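**Student:** Supplied in structure tokens, the structure appears directly below.
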Ligand code: PCA
């Protein structure tokens, strides 16, 4: 049986930090892999314009069955799978391109919100049960992480929710795209960033591996 393809993404450092644990985790998982899937990884720029574009290109290139995006939420004290992405760009700080949108829609004609298609409660319970603080977060905020989640869920909707289906290719031919299950987990600051000493990169990696195992173990 073919193993499912999982795309894990993280982000570059931002807001004056030298590192972003989400990018480090994506790189690490891409190098080490996971026994139950074909794991590919990408690190996205913290840019309202470029991150959604590069994410869409990575989805096109890898055709994943599952997309797990990671980002840093410096002031949270747990791993937090996100329930909802909002059609809103409202930044307290400029992104890495110097853009700072205020109260702007991400897609002028898009829905107000899109819901993740990952089992967020099961993910949070499984991580928490392994001794790593985790809980479901209602929204991914209104910065770049929310923007990529909103974009990804829009792409996933276009692929349909009913398993493999035919889609017309650019040349009019039909090809099959796998259903895409997509979601986002914010990770807390590591000790290097002044975070809780418990949240070492190793421990965050353990938590994300539990999330992957949980996702892979739930039906598509
Ligand atoms: N966290 C930011 C953007 C990049 C990241 O790692 C966010 O929560 O939107």
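In my numbering, the protein residues as written are 245 to 464. Where is the CB? At the ideal position from N, CA and C, for every residue including glycine. From a predicted model like this one, the values you see are computed outputs, not experimental measurements.
Does the beta-carbon of residue 308 have 16 or more other beta-carbons within 10 angstroms, so that it is buried, or is it exposed?
**Tutor:** The residue given as residue 308 occupies position 64 in the chain shown. By the 10 Å Cβ count, residue 308 comes out buried.
**Student:** Using C-beta distances below 6 angstroms, list every residue in its chain close to residue 454, excluding the 5 sequence neighbours before and after it, in chain order.
**Tutor:** The residue labelled residue 454 in the question sits at position 210 within the chain shown. If we look at residue 454 and ignore the five residues flanking it on each side, its Cβ neighbours are 370, 371 and 374.
**Student:** Mind checking which residues open and close the alpha helix (DSSP H) that includes residue 369?
**Tutor:** Taking the first residue of the chain shown as position 1, residue 369 is located at position 125. Here the alpha helix (DSSP H) through residue 369 covers 364 to 373.
**Student:** Residue range of the alpha helix (DSSP H) that residue 306 falls in?
**Tutor:** Counted from its first residue, the chain shown places residue 306 at position 62. Its alpha helix (DSSP H) spans residues 294 to 306.
**Student:** Check for me: the alpha helix (DSSP H) holding residue 195 runs from which residue to which?
**Tutor:** Residue 195 cannot be examined here, being either before or after the span of the chain that is shown, 245 to 464.
**Student:** Indicate, with yes or no, if ligand 1 has a heavy atom lying under 6 angstroms from the CB of residue 428.
**Tutor:** The residue labelled residue 428 in the question sits at position 184 within the chain shown. Answer for residue 428: no, Cβ out of range of ligand 1.
**Student:** How many Å lie between residue 335 and residue 386 at the Cα?
**Tutor:** Indexing the chain shown from 1 puts residue 335 at position 91. Indexing the chain shown from 1 puts residue 386 at position 142. Each residue's Cα considered, the two are about 6 angstroms apart.
**Student:** Mind checking residue 268: buried by the 16 CB within 10 Å criterion, or exposed?
**Tutor:** Counting from one through the chain shown, the residue named residue 268 turns up at place 24. Looking at its Cβ environment, which holds 16 or more other Cβ atoms inside 10 Å, residue 268 is buried.
**Student:** Under the assumption that residue 316 contacts residue 433 (Cβ atoms under 8 angstroms), give the Cβ distance between them as a whole number of angstroms.
**Tutor:** Within the chain shown, numbered from 1, the residue matching residue 316 stands at position 72. Within the chain shown, numbered from 1, the residue matching residue 433 stands at position 189. Their Cβ separation, rounded to whole angstroms, is 7 angstroms, which keeps residue 316 and residue 433 in contact under 8 angstroms.
**Student:** What residue does the beta strand (DSSP E) around residue 263 start on, and which one ends it?
**Tutor:** Numbered from its first residue, the chain shown carries residue 263 at position 19. Looking at the DSSP string, residue 263 is not in any beta strand (DSSP E), and its letter there is neither H nor E.
**Student:** Could you name the residues of the same chain whose beta carbon sits closer than 7 angstroms to that of residue 265, not counting the 5 residues immediately before and after it, in chain order?
**Tutor:** Position 21 of the chain shown, counting from 1, holds the residue named residue 265. Taken in chain order, the residues that qualify are 316, 431, 434, 445 and 448.
**Student:** By the 10 Å Cβ neighbour count, where 16 or more other Cβ atoms means buried, how is residue 356 classified, buried or exposed?
**Tutor:** Position 112 of the chain shown, counting from 1, holds the residue named residue 356. So residue 356 counts as exposed.
**Student:** Taking all protein chains shown into account, do 16 or more other C-beta atoms lie within 10 angstroms of the C-beta of residue 359, making it buried, or fewer, making it exposed?
**Tutor:** Here residue 359 corresponds to residue number 115 of the chain shown, with the count starting at 1. Residue 359 comes out exposed.
**Student:** Can you tell me whether residue 389 sits near ligand 1, meaning its C-beta is under 6 angstroms from at least one heavy atom of the ligand?
**Tutor:** On the chain shown, residue 389 is found 145 positions in, with the first residue counted as 1. Under cutoff, so the answer is yes.
**Student:** State the Cα-Cα distance for the pair residue 247 and residue 310, rounded to the nearest angstrom.
**Tutor:** Residue numbering aside, residue 247 sits at position 3 when the chain shown is read from its first letter. Residue numbering aside, residue 310 sits at position 66 when the chain shown is read from its first letter. Cα to Cα, the separation comes out at about 11 angstroms.
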